[in-house]
Amino acid sequence: MNILIVKLSAIGDVIHTLPSLAALRRLYPDAHITWVVEEVAADLVLHHPHLDQVLIFRRKNWINKIKAGQFSAAWQDAHTFVAELRRRRYDLVIDFHGLFKSSMIVFLSQGKRKLGYDSLQELSGLFLNEKIPEDMNKHAVDRYLDFPHHLGATIGPAEFILPVNPEAQAKSRVLLDSYSLEKKKYIAINPIALWETKLWDNQKFAQLADIISQRLGIPVVFTGRDKESLDKITSTMATKSINIGGQTTLPELACMYKDALAIITTDSGPMHLAAAVGTSVIALFGPTDPARTGPYGKGHTIIRADLSCSPCLLKKCPTKKCMEEIMPEQVFAALERMIQGKPWPGTKHFCA
Numbered sequence: 357m358n359i360l361i362v363k364l365s366a367i368g369d370v371i372h373t374l375p376s377l378a379a380l381r382r383l384y385p386d387a388h389i390t391w392v393v394e395e396v397a398a399d400l401v402l403h404h405p406h407l408d409q410v411l412i413f414r415r416k417n418w419i420n421k422i423k424a425g426q427f428s429a430a431w432q433d434a435h436t437f438v439a440e441l442r443r444r445r446y447d448l449v450i451d452f453h454g455l456f457k458s459s460m461i462v463f464l465s466q467g468k469r470k471l472g473y474d475s476l477q478e479l480s481g482l483f484l485n486e487k488i489p490e491d492m493n494k495h496a497v498d499r500y501l502d503f504p505h506h507l508g509a510t511i512g513p514a515e516f517i518l519p520v521n522p523e524a525q526a527k528s529r530v531l532l533d534s535y536s537l538e539k540k541k542y543i544a545i546n547p548i549a550l551w552e553t554k555l556w557d558n559q560k561f562a563q564l565a566d567i568i569s570q571r572l573g574i575p576v577v578f579t580g581r582d583k584e585s586l587d588k589i590t591s592t593m594a595t596k597s598i599n600i601g602g603q604t605t606l607p608e609l610a611c612m613y614k615d616a617l618a619i620i621t622t623d624s625g626p627m628h629l630a631a632a633v634g635t636s637v638i639a640l641f642g643p644t645d646p647a648r649t650g651p652y653g654k655g656h657t658i659i660r661a662d663l664s665c666s667p668c669l670l671k672k673c674p675t676k677k678c679m680e681e682i683m684p685e686q687v688f689a690a691l692e693r694m695i696q697g698k699p700w701p702g703t704k705h706f707c708a
């Protein structure tokens, strides 16, 4: 049996789909399973023990070539991808993504059984011949698990299995050693998010890091893609911190998060990565709904303002009041309780 999983991006969404992959592998132990993914999240599934093949959908690269007038090169790249996609005849194609771009891959795959959500979003159901309801009241992990459950899988506790990467483990350890950081004796902070409305004020992150350093004496490590963006935070701090922005690949960051005592983060891909490797997460939420996309599993804490307009799911907001009302002392108090093993009042666990 040949199975095709279509889940292109982003980092958090691909992580949310990993438990479904595990369930599919248990249901079809001898199947050949292929996953189509975009470059940004490819490292999460390349060399995965439950996968036989990974196809990278380089859509953005094709678009850049077209913008540069390289039409022939873009066409050749797309033709090569489709040819590779069609090398195998798929008995089952599952569109976990539910957007027009993923529906086109479903169409091009020429699979027999094409399964997806009964949704009108971006005409995503246009090329499906089998659909299930999309329950938006569920957490994304549980929503995706509806697919293997529909196929007959028994759904137990969610399994977040990431590829074993010895090289990433070694490089992460070298980087940690270069800053004299010991396992489970540092706090990682990720202040980066894709939406403007998910961001917390830089000065508040700086104040929080200072409080952690001064009161707990624990090293604070800032992570993110862009070192310069993190410098805007660390340069205003009264205490020293460590900025490893831009110095890690996704697998290396996963190793660093696994060795951290806790992660403080915005609603972002790194938040889901930290939860997937089993490290306790303190997540700052504003415009989005943690019941749908919060850090999955036990031991995590959600900090959010109790506003009637939240969650609004807006990427632009003139006030960003939901994030502005979160205070550094509040986040530090949650961290202290987490370290002491005391639950934060009102904390909810999102897990199967």
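First residue of the sequence shown: 357, per this note's numbering; consecutive thereafter.
Where is the CB? At the ideal position from N, CA and C, for every residue including glycine.
These numbers were taken from a predicted model, which means no experiment stands behind them.
Assigned exposure category for residue i - 16 Cβ within 10 Å defines buried
i	result
D498	buried
F427	exposed
G481	buried
K541	exposed
L629	buried
K416	exposed
N420	exposed
K470	buried
L479	exposed
G601	buried
T649	buried
T604	buried
P575	buried
A526	exposed
V393	buried
L691	buried
L532	buried
L537	buried
Option in the options with minimal Cα separation from residue i
i	options	result
L476	N558, T373 and F456	F456
A430	R414, F516 and V362	R414
N358	A366, W391, G601 and L364	W391
L564	Y535, A594, D582 and I548	A594
V438	K423, N417 and L464	L464
S365	H435, A632, H453 and M492	H453
H506	A514, T579, P489 and N521	P489
N493	P667, L572 and A647	A647
R693	L377, I568, V410 and S528	I568
V520	L532, K614 and C665	K614
V687	C665, P667 and D566	D566
Y384	D369, A397, L360 and I412	L360
L441	L411, D447 and Q432	L411
I548	T436, K596 and D587	D587
CA-to-CA distance, residue j to residue i, given in whole angstroms
i	j	result
Q559	E584	15 Å
L606	A509	30 Å
A689	T657	11 Å
A708	I638	Residue confidence for A708 is low, a pLDDT of 43 falling below 50, so the modelled location carries little weight and cannot support an answer.
A562	Q696	23 Å
G425	R443	29 Å
L572	R581	27 Å
G634	L518	11 Å
D502	W418	33 Å
I654	F516	Here the sequence assigns Lys to residue 654, which means Ile is not the residue at that position. Spanning the two alpha carbons is a distance of roughly 13 Å.
L625	D386	The question names Leu, yet the displayed sequence has Gly at residue 625. When rounded, the distance between both Cα atoms is 31 Å.
P522	Y535	20 Å
S458	D451	7 Å
I511	P504	8 Å
N546	A514	24 Å
D474	K487	5 Å
V710	A397	Residue 710 is absent from the model: the chain starts at 357 and stops at 708.
C665	D645	11 Å
W700	A378	31 Å
K596	T436	50 Å
Beta-carbon separation (whole angstroms), residue i vs residue j, contact threshold 8 Å
i	j	result
H406	R381	4 Å
D623	K671	Wrong, their Cβ atoms sit about 12 Å apart, outside the cutoff.
G467	L484	No, G467 and L484 are not in contact; Cβ-Cβ is about 10 Å, not under 8 Å.
I461	V577	Between V577 and I461 the Cβ distance is about 38 Å, and since that is not below 8 Å, they are no contact.
C678	L663	5 Å
A544	T579	6 Å
E608	A524	5 Å
N599	T590	5 Å
L400	I422	Between I422 and L400 the Cβ distance is about 27 Å, and since that is not below 8 Å, they are no contact.
M786	P651	Because residue 786 is not part of the residues shown, which for the chain are 357 to 708, the question remains open.
P667	W551	Not quite, the Cβ-Cβ distance comes to about 12 Å (not below 8 Å), so this is no contact.
D408	I389	6 Å
Residue-chain proximity (residue i, chain C), Cβ-Cβ < 7 Å
i	result
E490	The chain inventory of the structure shown lacks chain C, comprising one protein chain alone.
Practice task
Inspect the CB distances between the region 486–506 and the region 373–384 and report whether three or more fall short of 8 Å.
Solution key: Contact holds: three or more Cβ-Cβ distances are below 8 Å.
Practice task
Indicate whether the contact test is met: 3 or more Cβ pairs, each with one atom in the region 634–650 and one in the region 607–621, closer than 8 Å.
Solution key: By the Cβ criterion, the region 634–650 is in contact with the region 607–621, since at least three pairs of Cβ atoms, one from each stretch, lie closer than 8 Å.
Practice task
Mind the definition here: the region 658–669 touches the region 677–693 only if three or more C-beta pairs lie below 8 Å; say whether that holds.
Solution key: Result yes; three or more Cβ-Cβ pairs closer than 8 Å.
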